[in-house]
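Report on the structure given below.
2 protein chains.
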Amino acid sequence: MSKASRIVEQLRRQILDGDRAPGTRLGQESLAAEFTASRMPIREALRALEAEGLVTIKAHSGAWVSALHQEEFEQCYKLREVVEPMVIGESVPLLSGAQIDQIGELADLIDNTGGAADLRSFLRLDREFHLLSYAGATYPFLTDLVTRLWNMTQPYRRELVRFMPAESFQATCAEHHLIVDALRSRDIDAAQTLVRLHIRRTRITLSRYGEVLWS
Amino acid sequence: MSKASRIVEQLRRQILDGDRAPGTRLGQESLAAEFTASRMPIREALRALEAEGLVTIKAHSGAWVSALHQEEFEQCYKLREVVEPMVIGESVPLLSGAQIDQIGELADLIDNTGGAADLRSFLRLDREFHLLSYAGATYPFLTDLVTRLWNMTQPYRRELVRFMPAESFQATCAEHHLIVDALRSRDIDAAQTLVRLHIRRTRITLSRYGEVLWS
DNA sequence: GATCAGGAGATTGTATCCAATCATCAGGAT
DNA sequence: ATCCTGATGATTGGATACAATCTCCTGATC
Numbered sequence: 270m271s272k273a274s275r276i277v278e279q280l281r282r283q284i285l286d287g288d289r290a291p292g293t294r295l296g297q298e299s300l301a302a303e304f305t306a307s308r309m310p311i312r313e314a315l316r317a318l319e320a321e322g323l324v325t326i327k328a329h330s331g332a333w334v335s336a337l338h339q340e341e342f343e344q345c346y347k348l349r350e351v352v353e354p355m356v357i358g359e360s361v362p363l364l365s366g367a368q369i370d371q372i373g374e375l376a377d378l379i380d381n382t383g384g385a386a387d388l389r390s391f392l393r394l395d396r397e398f399h400l401l402s403y404a405g406a407t408y409p410f411l412t413d414l415v416t417r418l419w420n421m422t423q424p425y426r427r428e429l430v431r432f433m434p435a436e437s438f439q440a441t442c443a444e445h446h447l448i449v450d451a452l453r454s455r456d457i458d459a460a461q462t463l464v465r466l467h468i469r470r471t472r473i474t475l476s477r478y479g480e481v482l483w484s
Numbered sequence: 270m271s272k273a274s275r276i277v278e279q280l281r282r283q284i285l286d287g288d289r290a291p292g293t294r295l296g297q298e299s300l301a302a303e304f305t306a307s308r309m310p311i312r313e314a315l316r317a318l319e320a321e322g323l324v325t326i327k328a329h330s331g332a333w334v335s336a337l338h339q340e341e342f343e344q345c346y347k348l349r350e351v352v353e354p355m356v357i358g359e360s361v362p363l364l365s366g367a368q369i370d371q372i373g374e375l376a377d378l379i380d381n382t383g384g385a386a387d388l389r390s391f392l393r394l395d396r397e398f399h400l401l402s403y404a405g406a407t408y409p410f411l412t413d414l415v416t417r418l419w420n421m422t423q424p425y426r427r428e429l430v431r432f433m434p435a436e437s438f439q440a441t442c443a444e445h446h447l448i449v450d451a452l453r454s455r456d457i458d459a460a461q462t463l464v465r466l467h468i469r470r471t472r473i474t475l476s477r478y479g480e481v482l483w484s
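Going down the list, the protein sequences come from chains A and B. The first sequence begins at 270 in my numbering and counts up by one. The second sequence begins at 270 in my numbering and counts up by one.
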């Protein structure tokens, strides 16, 4: 595996984990020093992350961790409301029983995080829960798009979930279990509707606290 | 504008125009000689085109113009059947009257190409017709996806359209004009249905000749 | 005859160096 | 006081040189 691709993975991990906040400058020289490499693999890594939407590059100027305006953030969620039901519809008939069991276990684990109480675990498990439920889907383009949308919004989700009230967290957990039930009974329609409503409710809940974050 | 981005545009154009067929090797050294540049901007360009799906890179091995199997080609069309109705639904209410007129003119121009008779013009205009009809859509991610799907399938469309019988070409033209009518009357539902059927019929028509191409 | 090991050649990946471009700030004119 | 202008410093873009890796051919072995 090349040095550039290792740097891509590490940088992506750092951005998603919140170690590098949106708007942070990514200077080639300083990154080269950090990763003990030359600027060349750094440049390739930044280009790759730009293609993923995680990094924004301005010619002859520099690279920054991509930042979203509130409208862009909400547009990502609105797009997810349309695309993810489509993807889970493809996925439901093709998921294995073992996969569905695993998704159910993730739902249980999420219950125990308490949402904002264990933010890091919640974000990681919630992401895993949803993306695994799409594992059966056959359209690589759409699953890539979904992953991109999750990645791009992750830093903001981290900040916004802090404000999420307990009742909203409980709703999230309940919806997760309903989704698992729909998967178990292979009910495509129910799964699609639940996913759409789940994302929609989350968007509306989060947008209430967006004013604080973006103002 | 950087040298790399100029190379991206030229290479993309060459691939879409059929000057570089799928499976063709893209050696860094030879490309550097062609474009009178060093290998460095070439690498950046290849990475960018890889992100667009037009180029496939294998580590330590090389880059090739992306090739699709028949199943992948048809999967692109099936995905278009789902995504493009969504996009045109977003687009219809936001297209300007001037844009719709322009789309109508494109439909007329396509009639005059005679399909396989003037293949180059047909491909260019057909592409322009559809992509312009999506110009009102507000989701950049989805329009990017649609453009990617068009680009990736273009080399194969070029080959397959050669076999397209006259009746199929006439059907295509008729459907185009029906779509224009739907745009003019701002009929979202009609536009979505027509686009879906248009893509579906094209896929079925083309797949009939795929055996020849891929066997 | 088929398969696998090994080495030569070619090609990609990385480091270093130089050139081009942009941001910043001082200085002067309006 | 504000805006424009120009020089300086920092940073990215590109070229060249070297290292790492793969491919393919050769030849030996089963």
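The beta-carbon is built from N, C-alpha and C at its ideal position, and this holds for glycine as well.
With C-beta atoms as the reference, is Glu-321(B) less than 8 Å away from Arg-417(B)?
On the second sequence, position 52 is the one that residue 321(B) refers to. On the second sequence, position 148 is the one that residue 417(B) refers to. Cβ distance < 8 Å, so Glu-321(B) and Arg-417(B) count as in contact.
Between the beta-carbon of Leu-388(A) and the beta-carbon of Val-430(A), is there less than 8 Å?
On the first sequence, position 119 is the one that residue 388(A) refers to. On the first sequence, position 161 is the one that residue 430(A) refers to. Yes, these two residues count as a Cβ contact at 8 Å.
Would you kindly check if the distance between the Cβ of Arg-472(B) and the Cβ of Ala-317(A) is under 8 Å?
Mapped onto the first sequence, residue 317(A) falls at position 48. Mapped onto the second sequence, residue 472(B) falls at position 203. No, they are not a contact pair.
Check the C-beta distance from Ile-311(A) over to Leu-300(A) and give it rounded, since I have them as a contact under 8 Å.
Within the first sequence, residue 311(A) is the residue found at index 42, counting from 1. Within the first sequence, residue 300(A) is the residue found at index 31, counting from 1. So it is a contact: roughly 5 Å between Cβ atoms.
CB contact below 8 Å: Leu-414(B) versus chain A:
What you label residue 414(B) is simply residue 145 of the second sequence in a count that begins at 1. Yes, Leu-414(B) lies at the interface with chain A (some Cβ there is under 8 Å from its Cβ).
Could you give the distance in angstroms between the alpha-carbon of Val-449(A) and the alpha-carbon of Ala-459(A)?
Translated into positions along the first sequence, residue 449(A) becomes position 180. Translated into positions along the first sequence, residue 459(A) becomes position 190. If I take the Cα positions, the gap works out to 10 Å.
As assigned by DSSP and simplified to three states, the class of Gly-358(A)
Here residue 358(A) is taken as the residue at index 89 of the first sequence, counted from 1. Gly-358(A): helix per DSSP, three-state reduction.
Please classify Thr-412(B) as buried or exposed, where buried requires at least 16 other C-beta atoms within 10 Å of its C-beta.
On the second sequence, residue 412(B) is found 143 positions in, with the first residue counted as 1. Of the other Cβ atoms in all chains shown, 16 or more fall within 10 Å of the Cβ of Thr-412(B); this residue is therefore buried.
For Pro-434(A), the nearest candidate out of Trp-483(A), Gly-383(A) and Leu-447(A) (CA to CA)
Along the first sequence, read from residue 1 onward, the residue named residue 434(A) stands at position 165. The shortest C-alpha separation from Pro-434(A) is found at Gly-383(A).
Mapping the DSSP letters down to three states, classify Thr-293(B) as helix, strand or coil.
On the second sequence, residue 293(B) is found 24 positions in, with the first residue counted as 1. Looking at Thr-293(B) - three-state DSSP - the assignment turns out to be coil, as it is neither helix nor strand.
If you draw a straight line from the alpha carbon of Thr-407(B) to that of Glu-359(B), how long is it in whole angstroms?
On the second sequence, residue 407(B) is found 138 positions in, with the first residue counted as 1. On the second sequence, residue 359(B) is found 90 positions in, with the first residue counted as 1. Computed Cα separation, rounded: 7 Å.
Let's test the definition: count the other Cβ atoms within 10 Å of the Cβ of Thr-305(B) and tell me whether it reaches 16, buried, or not, exposed.
Looking up residue 305(B) in the second sequence gives position 36. Answer is exposed; the Cβ neighbour count stays below 16.
Nearest to Asp-286(A) by CA position, among Ser-271(A), Ala-328(A) and Glu-428(A), is which residue?
Here residue 286(A) refers to the residue found at position 17 of the first sequence. Of the candidates Ser-271(A), Ala-328(A) and Glu-428(A), the one whose C-alpha sits nearest the C-alpha of Asp-286(A) is Glu-428(A).
Which of helix, strand or coil does DSSP assign to Ala-336(A)?
Residue mapping note: residue 336(A) aligns to position 67 of the first sequence, counting from 1. It is coil, neither helix nor strand.
From the DSSP output, read off the bridge partner residues of Val-415(B).
Working through the second sequence from its first residue, we reach residue 415(B) at position 146. Answer is none; Val-415(B) lacks a bridge partner.
Simplified DSSP assignment, three categories, for Gly-383(A)
The residue you call residue 383(A) lines up with position 114 of the first sequence. Here Gly-383(A) sits in coil by DSSP.
Residues sharing a beta bridge with Gly-331(B), DSSP:
For this step, residue 331(B) is matched to residue 62 along the second sequence. In the DSSP output, where bridge partners are listed per residue, Gly-331(B) has Lys-327(B).
Pull up the distance between the alpha-carbon of Ser-307(A) and that of Gln-297(B), whole angstroms please.
The residue you call residue 307(A) lines up with position 38 of the first sequence. The residue you call residue 297(B) lines up with position 28 of the second sequence. Those two C-alpha atoms are separated by around 20 Å.
Would Leu-414(B) pass as a contact of Phe-398(A) if the rule is Cβ separation under 8 Å?
If you number the second sequence from 1, residue 414(B) lands on position 145. If you number the first sequence from 1, residue 398(A) lands on position 129. The answer is no: Cβ separation not under 8 Å.
Is there contact here, the stretch 441-448 of chain A with the stretch 335-348 of chain A, by at least three beta-carbon pairs under 8 Å?
no
Any beta-carbon of chain A closer than 8 Å to the one on Gln-283(B)?
Here residue 283(B) corresponds to residue number 14 of the second sequence, with the count starting at 1. No, its Cβ sits nowhere closer than 8 Å to a Cβ of chain A.
Answer yes or no: does any C-beta atom of chain B fall closer than 8 Å to that of Glu-298(A)?
Taking the first residue of the first sequence as 1, we reach residue 298(A) at position 29. No, because no Cβ of chain B sits closer than 8 Å to the Cβ of Glu-298(A).
For Met-270(A), which residues in the same chain have their Cβ closer than 7 Å to its Cβ, ignoring the five residues on either side in sequence?
As a position in the first sequence, residue 270(A) is number 1, starting the count at 1. So no residue of the chain qualifies.
What runs of the alpha helix (DSSP H), each 4 residues or longer, lie entirely inside the stretch 295-319 of chain A?
For the stretch 295-319 of chain A, the full-length alpha helix (DSSP H) segments reaching 4 residues or more read 297-303 along the chain.
Cβ-based burial, Gly-405(A) [other Cβ within 10 Å; buried from 16]:
Here residue 405(A) corresponds to residue number 136 of the first sequence, with the count starting at 1. Counting Cβ neighbours within 10 Å, Gly-405(A) comes out buried, since at least 16 surround it.
Using 8 Å as the limit for Cβ to Cβ distance, is Tyr-408(A) near chain B?
Here residue 408(A) corresponds to residue number 139 of the first sequence, with the count starting at 1. With a threshold of 8 Å between beta carbons, Tyr-408(A) makes contact with chain B.
Hey, out of Ile-372(A), Arg-469(A) and Ser-484(A), whose CA is closest to Tyr-346(A)'s CA?
Stepping through the first sequence from its first residue, residue 346(A) is reached at position 77. When only C-alpha atoms are compared, the closest one is Arg-469(A).
When you compare the CB of Ser-330(A) with every CB in chain B, is at least one pair closer than 8 Å?
By 1-based counting over the first sequence, the position of residue 330(A) is 61. It does not: the Cβ of Ser-330(A) has no partner Cβ on chain B nearer than 8 Å.
If you follow the alpha helix (DSSP H) that Tyr-478(A) is part of, which residue opens it and which one closes it?
If you number the first sequence from 1, residue 478(A) lands on position 209. 457-483 is the span of the alpha helix (DSSP H), which, as asked, contains Tyr-478(A).
At a Cβ cut of 9 Å, what residues of the stretch 315-326 of chain A count as close to chain B, listed as they run along the chain?
Arg-316, Ala-317, Glu-319, Ala-320, Glu-321 and Gly-322
Just to confirm my understanding: we take Pro-277(B), look at its own chain, exclude 5 residues before and 5 after, and list those with CB closer than 7 Å. What are they?
Here residue 277(B) refers to the residue found at position 8 when the second sequence is read from its first residue. Looking at the sequence itself, residue 277(B) is Val, so the reference to Pro does not match. The residues are Ala-314, Ala-317 and Leu-318.
Counting only Cβ-Cβ distances shorter than 7 Å, please list the residues of the stretch 346-358 of chain B near chain A, keeping chain order.
Leu-348, Val-351 and Met-355
Classification of Glu-480(A) by the beta-carbon crowding that lies within 10 angstroms, buried from 16 upward
Here residue 480(A) refers to the residue found at position 211 when the first sequence is read from its first residue. Exposed is the call here.
Inter-residue Cα distance where the pair is Leu-452(B) and Ile-372(A):
Here residue 452(B) refers to the residue found at position 183 when the second sequence is read from its first residue. Here residue 372(A) refers to the residue found at position 103 when the first sequence is read from its first residue. Spanning the two alpha carbons is a distance of roughly 43 Å.
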